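Chains as they are written, first to last, in our numbering: chain A, 1 to 317; chain B, 1001 to 1294; chain C, 2001 to 2336.
This report refers to the structure that appears directly beneath it.
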Amino acid sequence: MASKTILEVQNLTKYFTTPAGQLHAVDGVSFSIEEGKTLGIVGESGCGKSTTGRTILKLIEPTSGKIIFDGKDITKYSRKQMRPLRQEMQMVFQDPFSSLDPRQTVMQLISEPIIEHKLLKSKADIEKRTLELMETVGLAERYINVYPHELDGGRRQRIGIARALAVNPKLIVCDEPVSALDVSIQAQILNLLRKLQKDFGLTYIFITHDLSVVKYFSDDIAVMYLGQMVEKAPSDLLFEKPTHPYTKALLSAIPLPIVGKEKPQRQLIKGEITSPVNLPDECRFCKRCDVAADICKQGNPQLREIAPNHFVACSRV
Amino acid sequence: MATETKATTKVKSRTLFQETWRRLIKNRGAIVGMVFLILLIAVAVLSPVLFDYETDIIGQNMAEALQPPNAAHWFGTDEYGRDLFARVLYGARYSLIIGVGAVMLGLIVGTILGSAAGFKGGITDSIIMRGIDIFYSIPNIMTAVVIVSLLGTSTVNLMIALAFSCASSFARIVRASVMTIRDQEYVESSYAMGLPTWKIIVKHILPNCLSPIIVQITLLIGTTIISASSLSFLGIGVPAPAPEWGALLSAGRGHIRDASYMCVIPGLAIMFTVLALNLLGDGLRDALDPKLKK
Amino acid sequence: MNEDLVLQIKDLVVHYETEDADVHAVNGIDIEIAKKRTLGLVGETGAGKTTTALSILNLVPNPPGVIKQGEIWLDGENVLEMKPHELEHMRGNDVAMIFQDPMTALNPVMTVGDQIGESIMLHQGLDKKAAFEKAKEMLKMVGIAESRAYDYPHQFSGGMKQRVVIAIALACNPKLLIADEPTTALDVTIQAQVLELMKQLIREKEMSMLLITHDLGVVAEVCEDVAVVYAGRIVEKGTADDVFNHMRHPYTEGLFDSLPNLKQRGEELVPIQGLMPDPSDLPPGCAFAPRCPYATEACTKAVPALQSVEGSATHFVACTAYADPDFKLRRNRDGK
């Protein structure tokens, strides 16, 4: 059975107008995801990964491009038109501390989407479903009247996940869902997300700066730099044969918890990410790139397929 | 973090009201304030039954003029021999209605304007806030004078006049709070959930602005009672013989050397009312804030 | 007291006493840092890492923080017995600290040159002009152009700000640098640069460093010695090789198991069950016992003391299970 494409994004752009000029937060990003798969979007702060995620959900209006969800072109949908679709596409936020209304109890937080989308009518049913969701994400029943500030980060993130699950979505955009958590709790949440994917056939877009997390999680990985995708490939391939100089640098920059023996030599990249304002027509990475040549200054390279399913945007490849 | 140990055993979900009440009654100050205000309201409601307006409140008795507090007249008498105790109790009607009414009116208008300005931002914000700035630059009393002269002298018109200045301060406070809360992730999360904008404002943004609003309410009721008295003094407030507290206060001014109780007693009435409001307001603010739950 | 030690903490106990609870943040920590060595203090949120660091500078906020017992020997002097002026002299001069968030560590209305110079003027008695010149030198040392000394913090990116913070910390050649999660707020590529810089400067200036972090990768990158903290106690310490390649404590093993591995993909992660205990209500005996897969009845009876691993002079573990001479962690059973 061929899997069906649930989300297709074509040439998505989002520009913000700032006093300094146009900020190219997302600049011509295209990808598609099949149902039940996970796409990891990796990059450093300011690369546009979060904006991409929020634009797909239409929390931010795209400047141009196309978003096709489940066969419907939702690019031009108004907030009102989007409302019924919110049942199908959900989001898990980065900060479990600020993404929950501090004045609501766990019960209110989790039941809100059920009530809002009129999925259940009677109070007893709603309460039953809430308890069921709490069990699904591993929250004990006794927390039902508790406020988020009384809970630790891991439990709060479980509430966030339960809220997203409450409407039985098909697609969940996870924006750095574990980066605010401690390592041991991180692992608990990652395992939970994976189990839920298996149980409910969810599709994930997993946005993170942590390459080790996406590797564990994703089928495909897209690396972003200054609003553009610079490399996209199936997870294993990307880690085996990272091709774009930025991907290589990013991989090499991760401090590995290995001492002695087979520890690979790190290669540092110079400079810092600039902000994507008033960009010249050249490769966006060329100023920090070790292998930059004249050709890199002539036009901004686009993604090319260099091997089956392996796309790279680099003039030197 | 201590939730593990003190977890509640029953899993019935509680409503916000029950939750708030449970916490409010643990606050001694709030209880004192609440009891005082309930008594005051009872007095205000019952005073026409307790006193005969014509004889007890405005009937003059020059023979007993300017008596200091004594057994027959607990709060003493004024220069026309009227019993101050009866007048102060009766005056609670006027002062409370004007104070609370003007503030509530101002609260409604101010909250709507402030949340629209804060939430929408941009042009809407500029128009609303510049309008309010203009109002702010004109002295409150002058605005009130203009409005009362246009509409005519009556308690309701006085309330409307005073509500204007309340509305502008509420609008500012609400706008500032809304602007900070608007950018919180939980608001974005509500959008992602599919909530319509008005529901997000009512359910998630305004409840989180409650603390400064409640404090402002308790402060403004006090100042509004005082402002009402200045207007009475100018002759455009509650008409003269009615024992509105501000009017009592200004009537006592002329006798501040020989009969200081005439000022002190209505002053204390205003003070205790404002204090009670503050105590209740603080208690309510804490009770409504789940973060302060012990 | 050992001459070669820059820092020696003995049996430090710090509580935060509030009306509601008595929070046992640090419960008997022993640490030694020798000259030119870098110790990584690893643990999760609430393990007592930052409290330990603040104790070294005698900066634990009091109230509610109370240093209940212990000794902190800094280059031969007990910090806890120092007079206020001695403390002031010690802070910045002998010990400098780098905090996690470079965004808030700098004064937004002073140029970075003045900020670095301020600390030089204070501790080295240079005049303003000389201090500013020295500040420029420091900037150059951390890889920032001298001309930027006249700029304000908001004109710098996060990584650059952290470099400025490092320049301020190193301006007076401290003997010990305490770095509390110095790269957590930075991006990976910038983190790599900053870590490299810190490593190089520490080598050049022959300083010792206490690096506080939750990131085992950062520890592996920078530290020679490692101490793993859990619930205010050190559960395992040794050289990086001891702890990373011959770990003995179940908690250390749990931390490593929780890390997504770059090498293999798709396996279930093995998280540590449960949560960090509430420090105002610690379980009896070993604080890790309720989460420990190897825990037995004996673990809840007494707090295990740090004991040498197979007679090693560097590697210590605090685990009751080793009372059984045949006990081995899962990781140590197969292969190593």
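Just so you know, even glycine gets a beta-carbon here, dropped at the ideal spot from N, CA and C.
Just so we're clear, the structure is a prediction, and the values are computed from it rather than from any experiment.
- Against chain A, the CB of LYS1120 of chain B has no partner CB under 7 Å away; the residue lies outside that interface.
- The segment 2081 to 2133 of chain C contains, as complete alpha helix (DSSP H) runs of 4+ residues, the segments 2084 to 2093, 2102 to 2105 and 2112 to 2124 (chain order).
- When C-beta distances to chain A are compared with 9 Å, the residues of the segment 1186 to 1201 of chain B below that value are TYR1186, VAL1187, GLU1188, SER1189, SER1190, TYR1191, ALA1192, MET1193, GLY1194, LEU1195, PRO1196, THR1197 and LYS1199, in chain order.
- Collapsing the DSSP output to three states places GLN267 of chain A in coil.
- Of the candidates B:TRP1074, B:SER1095, B:GLY1029 and B:GLY1076, B:SER1095 places its Cα closest to the Cα of ILE1041 of chain B.
- For ILE126 of chain A, the secondary structure class from DSSP, reduced to helix, strand or coil, is helix.
- Contact check for ASN145 of chain A and THR105 of chain A: beta-carbon distance about 5 Å, within the 8 Å limit, so the pair qualifies.
- Judged by their CB atoms, LEU133 of chain A and GLU141 of chain A are not nearer to each other than the 7 Å cut-off.
- Fewer than three pairs of CB atoms, one per stretch, sit closer than 8 Å, so the segment 192 to 208 of chain A makes no contact with the segment 279 to 290 of chain A.
- Each of A:MET82, A:PRO255, A:SER218 and A:LYS58 was checked against the Cα of CYS2223 of chain C, and the nearest Cα belongs to A:PRO255.
- The beta carbons of SER1177 of chain B and PRO1139 of chain B sit no closer together than 7 Å.
- Interface residue (Cβ-Cβ distance to chain C less than 7 Å): ASP182 of chain A is classified as such.
- The beta carbon of PHE93 of chain A sits closer than 7 Å to some beta carbon of chain B.
- Taking the beta carbon of ILE258 of chain A as reference, the chain C residues within 8 Å of it are ALA2220 and PHE2244, listed in sequence order.
- Here the segment 2080 to 2087 of chain C makes no contact with the segment 2155 to 2164 of chain C; the two share fewer than three CB pairs at distances below 8 Å.
- Scanning chain A for C-beta atoms nearer than 8 Å to the C-beta of LYS1291 of chain B yields PRO102, TYR147 and HIS149, reported in chain order.
- B:LEU1113 is the residue among B:ARG1023, B:LEU1219, B:LEU1113 and B:GLY1081 whose C-alpha sits nearest the C-alpha of GLY1131 of chain B.
- In the structure shown, the three-state DSSP call for TRP2073 of chain C is strand.
- Distance from the CA atom of MET1034 of chain B to the CA atom of ILE161 of chain A, rounded to whole angstroms, is 42 Å.
- Listed along the chain, the chain A residues whose CB falls inside 8 Å of the CB of LEU2201 of chain C amount to none; the nearest CB is some 15 Å away.
- Distances from the CA of ASP182 of chain A to each of C:LEU2329, C:ASP2011 and C:VAL2042 were compared; the closest alpha carbon is that of C:VAL2042.
- Distances from the alpha-carbon of ILE2056 of chain C to those of C:LEU2139, C:VAL2014 and C:CYS2299 put C:VAL2014 closest.
- Residue environment: ASP290 of chain A is assigned as exposed (fewer than 16 neighbouring CB atoms within 10 Å of its CB, all protein chains considered).
- Distance from the CA of TYR143 of chain A to the CA of LEU109 of chain A, rounded to the nearest whole angstrom, comes to 12 Å.
- PRO148 of chain A and ALA2298 of chain C have their C-alpha atoms roughly 36 Å apart.
- Taking a beta-carbon distance threshold of 7 Å, PRO1212 of chain B does not count as an interface residue toward chain A.
- The straight-line gap separating the alpha-carbon atoms of VAL2164 of chain C and HIS2315 of chain C is approximately 36 Å.
- In this chain, the beta strand (DSSP E) harbouring LEU2210 of chain C covers 2208 to 2213.
- Here the alpha carbons of PRO2290 of chain C and THR2320 of chain C stand approximately 13 Å from one another.
- In chain order, SER32 and GLU34 place their CB closer than 6 Å to the CB of THR5 of chain A, counting only its own chain and leaving out the 5 sequence neighbours on each side.
- Secondary structure of ASP2030 of chain C (DSSP, three-state): strand.
- Under the DSSP assignment, ARG2203 of chain C falls outside any beta strand (DSSP E), being part of the alpha helix (DSSP H) whose first and last residues are 2188 to 2205.
- The residues LEU2005 and GLN2008, in chain order, have a CB closer than 6 Å to that of GLU2032 of chain C in the same chain once the five nearest residues on each side in sequence are set aside.
- Residue-level contact by beta carbon fails for HIS1073 of chain B and chain A, as no gap is shorter than 7 Å.
- In its chain, beyond the 5 residues on either side, GLY2113 and GLY2117 have a beta carbon closer than 6 Å to the beta carbon of PHE2132 of chain C.
- For the pair PHE1075 of chain B and PRO1207 of chain B, the Cα-to-Cα distance works out to about 43 Å.
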